[in-house]
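A.B. asks:
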Amino acid sequence: SVPYWLLGPCVAVYSCLVPWLLASFPGSFTLCEAMMVGQGLSLLTTDTALQILAINDVVRLPEMFLVHRHQSLLFVEFLVFGVLMCCVLLSPALYKLAQAKNYMDHKFWSGTFILLSLGVGVLTVLRWLQTQLNDTHPIALVVVETFTRPVHLVLMLFWLMVTGAALVLVAAQSSERTWLTPLRFSQPGSLWMRKSFHLLAVLVFLPSLALSSVYLSLSSSISLFLFSALELFRYFKMWPGGGALHSSLLPLTDTRDAGSLILSHIYLLLGLSLPLWISPLSHHHNVGKLSLYSGVLSVGVGDSMAAVAGTLMGKTLWPGTKKTVEGSAMSVLTQLVAVLAIVMMDPYISMPTLREWGVVSASVVATAIMEAYTGQVDNLIIPLFQLAFFLSFL
């Protein structure tokens, strides 16, 4: 059994975090979303804090706690923990920044927070992470992984191209430049605009999962840190560029970003990446590796095609919802086609047996029905549901 002194801090953090999220950011979370985010952050912060205490010989952890953690999971834990720690330790600077009345005060407190955060990150967080990585510096590890393996370098260049396309698409929504007009959507936060980013995300994840899921897992963990830091930067409109970032992202929001936080892009990244971080990467050399594709299948393919098909040809509504049966049927069909394409593309996945096709089909159907009825952020909920299905039965 788990010792109470290990469970206590986690429960305490969760009990404080959920009410704080709902009270501090009204409209940004439903109760279910706040509970999920609270669970994730409380587990992450407690686990990371206990690792840090163990590193410094403050506590001796039980044997059951000393499990192997993959590099990507360590990056997620320590980098996100670093962002949270900076927010807590430097909260006076954030308070002053929020209260700043003129440009010079705003600029001063923005610079103060950024410089102090860099100091905290370099002197503490990266050092703790280095200890967990067998004394390999995190930045050196990323550089070596990228530039010593040709496939990783090719993937990085491809990701930069897709990122460039995404930035152009973002700029087109708020820019008055005539050459960007063809890329501008008539309605901010429209279905077509949101699903275009889903398509770009699929372009990043689908080939990368087949070529190097380990490197993708590491890179997505760093991306989560960058997204979290940029959202903090945008929320406080920090100098330099925080206000411009805020103005650029506003046209991309929809009703689900009704609060002061803009989280849709973070939820999308989490939905695609969580299967990578949760599943044991080294153990997937068979049909079970499909679990790593849960986010791509359920959100990138299924959810996107359900929305498009439902908009274009949907007529029959599911009882009590605004989602259409035609959209759900298209979701099921395209996910099954995507599974077949993945099996043909990924050399580590063998052709599923009849039983395994039955499991995949049941998972896809259940996921499509859940997508039709869920009132939560489907980018976050649906991949976890499909992942649990795959891990349980494949």
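Residues in the sequence shown are numbered consecutively from 13, following the numbering used here.
In this text, a Cβ means the ideal position worked out from N, Cα and C, and glycines have one as well.
#1: Where leucine 281 and glycine 326 are concerned, what is the direct C-alpha to C-alpha distance, given to the nearest angstrom?
#2: Ignoring anything shorter than 3 residues or poking outside the stretch 222-247, list the beta strand (DSSP E) runs there in chain order.
#3: Does the Cβ of isoleucine 278 have 16 or more other Cβ atoms within 10 Å, making it buried, or fewer, making it exposed?
#4: Compare the C-alpha of isoleucine 274 against each of Val180, Gly332, Val389, Pro364 and name the closest.
#5: Glutamine 51: which of Pro21, Arg72, Leu242, Ala66 sits nearest, CA to CA?
#6: Which whole-angstrom value is the C-beta distance of serine 240 and valine 137, which I expect to be below 8 Å?
#7: So if DSSP puts leucine 329 in a beta bridge, which residue, or which two residues, is it bridged to?
#8: Quick check for students: name the residue ranges of the alpha helix (DSSP H) that lie wholly in the stretch 36-80, counting only runs of 4 or more.
#9: With DSSP run on the structure shown, which of helix, strand or coil describes tyrosine 26?
#10: Who are the Cβ neighbours of tyrosine 227 in its own chain at under 7 Å, not counting the five residues just before and after it?
#11: So the candidates are Leu230, Arg206, Met205; which of them puts its Cα closest to the Cα of isoleucine 217?
#12: So, for leucine 304: in the same chain, excluding its five sequence neighbours on each side, which residues have a beta-carbon less than 7 Å away from its beta-carbon?
#13: Exposed or buried, glutamate 75, counting other C-beta atoms within 10 Å across all chains shown (16 or more means buried)?
#14: Have a look at serine 340 and leucine 179 and give me their C-alpha separation to the nearest angstrom.
#15: Using DSSP with H/G/I as helix, E/B as strand and the rest coil, what is proline 252?
#16: Which two residues bound the contiguous alpha helix (DSSP H) that contains glycine 312?
#17: Phenylalanine 401 and alanine 374: beta carbons closer than 9 Å?
#18: Checking 9 Å against the spacing of the C-beta atoms, do glutamate 53 and valine 25 come in under that value?
#19: On the three-state DSSP scale, how would you describe methionine 363?
#20: Cβ of methionine 325 less than 9 Å from any chain B Cβ?
#21: Quick one: measure Cβ to Cβ for glycine 307 and leucine 329, integer angstroms, because I've assumed they're closer than 8 Å.
#22: Could you check the C-alpha separation between glutamine 142 and cysteine 98 for me, to the nearest Å?
#23: Just mark proline 414 as buried or exposed, buried being the case when its beta carbon has 16 or more other beta carbons within 10 Å.
#24: Since serine 84 is in the alpha helix (DSSP H), which residue starts that stretch and which ends it?
#25: Below 7 Å CB to CB, which residues in the same chain sit around valine 371 once its five sequence neighbours on both sides are set aside?
#26: Mind checking whether proline 31 and glycine 271 have CB atoms under 9 Å apart?
#27: Quick one: is threonine 346 buried, meaning 16 or more other Cβ sit within 10 Å of its Cβ, or exposed?
#28: Note down the Cα distance separating aspartate 269 from leucine 262, rounded to an integer number of angstroms.
#29: Quick check: what's the CA-CA separation for leucine 203 versus threonine 336?
#30: Classify leucine 19: buried if its beta carbon has 16 or more other beta carbons within 10 angstroms, exposed otherwise.
#31: What three-state label does DSSP hand asparagine 114 in the structure shown?
#32: Are the Cβ atoms of leucine 302 and isoleucine 354 separated by less than 9 Å?
#33: Less than 9 Å between the C-beta atoms of serine 233 and phenylalanine 87, yes or no?
#34: If you compare alpha carbons, which of Tyr115, Ser122, Leu212, Ile126 is closest to alanine 177?
#35: Determine the DSSP secondary structure at glutamine 388, reduced to helix, strand or coil.
C.D. replies: According to the structure data:
#1: Counting from 1 along the sequence shown, the entry for residue 281 is found at position 269. Counting from 1 along the sequence shown, the entry for residue 326 is found at position 314. Between the C-alpha atoms of leucine 281 and glycine 326 there is a straight-line separation of about 28 Å.
#2: Positions of the beta strand (DSSP E) runs, each at least 3 residues long and wholly inside the stretch 222-247, cannot be given because no such run exists.
#3: By one-based count along the sequence shown, residue 278 stands at place 266. Isoleucine 278 should be labelled buried.
#4: Working through the sequence shown from its first residue, we reach residue 274 at position 262. Nearest of Val180, Gly332, Val389, Pro364 to isoleucine 274, Cα basis: Val389.
#5: Here residue 51 refers to the residue found at position 39 of the sequence shown. It is Pro21 whose Cα lies nearest to the Cα of glutamine 51.
#6: Taking the first residue of the sequence shown as position 1, residue 240 is located at position 228. Taking the first residue of the sequence shown as position 1, residue 137 is located at position 125. About 13 Å separates the two Cβ atoms, so there is no contact after all.
#7: Numbered from 1 along the sequence shown, position 317 holds the residue referred to as residue 329. Bridge partners of leucine 329: Thr336.
#8: Whole alpha helix (DSSP H) segments, 4+ residues: 43-67.
#9: Along the sequence shown, read from residue 1 onward, the residue named residue 26 stands at position 14. In this structure, tyrosine 26 counts as helix in the three-state DSSP scheme.
#10: On the sequence shown, residue 227 is found 215 positions in, with the first residue counted as 1. Excluding positions up to five away in sequence, the list reads Glu157, His164, Leu167.
#11: Residue mapping note: residue 217 aligns to position 205 of the sequence shown, counting from 1. Note on residue identity: the sequence assigns phenylalanine, not isoleucine, to residue 217. Comparing alpha-carbon positions, the option among Leu230, Arg206, Met205 lying closest to phenylalanine 217 turns out to be Leu230.
#12: The count along the sequence shown starts at 1 and reaches residue 304 at position 292. Within its own chain, the residues whose Cβ lies closer than 7 Å to the Cβ of leucine 304, once the five positions on either side in sequence are excluded, are Leu221, Ser225, Pro287, Leu288, Ser291, His296, listed in chain order.
#13: Counting from one through the sequence shown, the residue named residue 75 turns up at place 63. Sixteen is the threshold: since fewer than 16 other Cβ atoms of the shown chains lie within 10 Å of the Cβ of glutamate 75, the residue is exposed.
#14: Within the sequence shown, numbered from 1, the residue matching residue 340 stands at position 328. Within the sequence shown, numbered from 1, the residue matching residue 179 stands at position 167. Those two C-alpha atoms are separated by around 31 Å.
#15: Within the sequence shown, numbered from 1, the residue matching residue 252 stands at position 240. Proline 252 falls in the coil class under three-state DSSP.
#16: Counted from its first residue, the sequence shown places residue 312 at position 300. Per DSSP, glycine 312 belongs to no alpha helix (DSSP H) and is neither H nor E.
#17: Residue numbering aside, residue 401 sits at position 389 when the sequence shown is read from its first letter. Residue numbering aside, residue 374 sits at position 362 when the sequence shown is read from its first letter. Closer than 9 Å, so yes.
#18: Position 41 of the sequence shown, counted from the start, is the residue given in the question as residue 53. Position 13 of the sequence shown, counted from the start, is the residue given in the question as residue 25. Reading off the sequence shown, one finds leucine at residue 53, where the question assumed glutamate. Between leucine 53 and valine 25, the C-beta gap is smaller than 9 Å, which places the two residues in contact.
#19: Mapped onto the sequence shown, residue 363 falls at position 351. In the displayed model, methionine 363 falls within coil according to three-state DSSP, outside both helix and strand.
#20: In the structure shown, chain B cannot be found, because there is only a single protein chain.
#21: In the sequence shown, the residue the question calls residue 307 occupies position 295. In the sequence shown, the residue the question calls residue 329 occupies position 317. Actually they are not in contact, since the Cβ atoms of glycine 307 and leucine 329 sit about 27 Å apart, beyond 8 Å.
#22: As a first step, residue 142 must be located in the sequence shown, where it is residue number 130. As a first step, residue 98 must be located in the sequence shown, where it is residue number 86. Approximately 19 Å, taken between the alpha carbons.
#23: No answer is possible for residue 414: the residues shown for the chain start at 13 and end at 406.
#24: Locating residue 84 in the sequence shown gives position 72, where the first residue counts as 1. Its alpha helix (DSSP H) spans residues 83-101.
#25: The residue given as residue 371 occupies position 359 in the sequence shown. Leaving aside the five residues that flank valine 371 on each side, the residues in its chain whose CB is nearer than 7 Å to its CB run, in chain order, Phe405, Leu406.
#26: Mapped onto the sequence shown, residue 31 falls at position 19. Mapped onto the sequence shown, residue 271 falls at position 259. At the C-beta level, proline 31 and glycine 271 stay beyond 9 Å of one another.
#27: Here the question's residue 346 lines up with position 334 in the sequence shown. Only buried fits threonine 346, as 16 or more other CB atoms lie within 10 angstroms of its CB.
#28: Along the sequence shown, read from residue 1 onward, the residue named residue 269 stands at position 257. Along the sequence shown, read from residue 1 onward, the residue named residue 262 stands at position 250. Taking the straight line joining both Cα atoms gives about 9 Å.
#29: Walking along the sequence shown from the start, residue 203 turns up at place 191. Walking along the sequence shown from the start, residue 336 turns up at place 324. Using only the alpha carbons, I get a separation of about 15 Å.
#30: As a working note, residue 19 is residue 7 in the sequence shown. Exposed.
#31: Reading the sequence shown from its first residue, position 102 is the one you call residue 114. Reduced to three states, the DSSP call for asparagine 114 is coil.
#32: Counted from its first residue, the sequence shown places residue 302 at position 290. Counted from its first residue, the sequence shown places residue 354 at position 342. With respect to the 9 Å criterion, leucine 302 and isoleucine 354 are classified as neighbours on the basis of their beta carbons.
#33: Here residue 233 corresponds to residue number 221 of the sequence shown, with the count starting at 1. Here residue 87 corresponds to residue number 75 of the sequence shown, with the count starting at 1. Contact: yes.
#34: Residue mapping note: residue 177 aligns to position 165 of the sequence shown, counting from 1. Per the Cα distances, Leu212.
#35: Here residue 388 refers to the residue found at position 376 when the sequence shown is read from its first residue. Of the three classes helix, strand and coil, the one that applies to glutamine 388 here is coil, per DSSP.
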